[in-house]
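Trainee: Mapped onto mature numbering (1 follows the signal peptide of the UniProt record, and there is no 0), the consecutive letters of the sequence shown carry residue numbers -25 to -1, 1 to 120.
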Amino acid sequence: MRYPLILKGSAIGLLFTAFTLSANAQKIEEQQLKIKIGKIENSTQHLKNLEPVTFKYDVDKYKYLKLPVGEQYGFLASNVRPEFPEMVYEASKVYNEGKNASKVARYSEVNTESMIPLLVAAIKEQQAEIELLKKELNLLKEKSK
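Here's what the structure looks like:
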């Protein structure tokens, strides 16, 4: 019979802790957090220079890195760096090499999540161009009648 009381006490303690943490949490507005906000322009032109690829990691040679198995989709860092250097970063993984010894492997990675705003901007640019071409086409149709 003592256990239900302990569980109730624990639940109340958890709720109190959660309430206290949320009451002390600092709310930062996005406009305060993000500065020097600018529009993405000419994204279509930059994206045209990228070459999406499929690849497989050499999981046999680099077992210790525990890389994903199977076909992957992405970009080569060497192809992305000239257009978007801020999207390429140096990743590192620590791995064991023998008794009481560890090493660090470093390699270039592409932050593909950062590509999403560029893709949205490119779609918007293309859509604006499509709308302009539709208007021109309709004008040409009207003139030819």
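For each residue, glycine too, the CB sits at the ideal point set by N, CA and C.
Output the boundary residues of the beta strand (DSSP E) element that contains Thr19.
Mentor: Numbered from its first residue, the sequence shown carries residue 19 at position 44. From DSSP, Thr19 is part of no beta strand (DSSP E) but of the alpha helix (DSSP H) over 18 to 23.
Trainee: Would you mind reading off the limits of the alpha helix (DSSP H) that contains Lys78?
Mentor: As a position in the sequence shown, residue 78 is number 103, starting the count at 1. No alpha helix (DSSP H) contains Lys78, which is instead part of the beta strand (DSSP E) from 77 to 85.
Trainee: In terms of alpha-carbon separation, which member of Ile10, Lys2, Val85, Val69 lies closest to Tyr48?
Mentor: In the sequence shown, residue 48 corresponds to position 73, counting from 1. Per the Cα distances, Val85.
Trainee: If I follow the unbroken beta strand (DSSP E) through Ala96, where does it start and stop?
Mentor: The count along the sequence shown starts at 1 and reaches residue 96 at position 121. No beta strand (DSSP E) holds Ala96; the alpha helix (DSSP H) holding it covers 90 to 119.
Trainee: Would you decide whether Val55 is buried or exposed? Buried here means 16 or more other CB atoms lie within 10 Å of its CB.
Mentor: Against the sequence shown, residue 55 aligns to sequence position 80. Buried.
Trainee: Taking the runs of the beta strand (DSSP E) that are 3 residues or longer, which of them lie wholly in the segment 14 to 70?
Mentor: Counting whole runs of 3 or more residues, the segment 14 to 70 contains the beta strand (DSSP E) stretches 28 to 30, 47 to 49.
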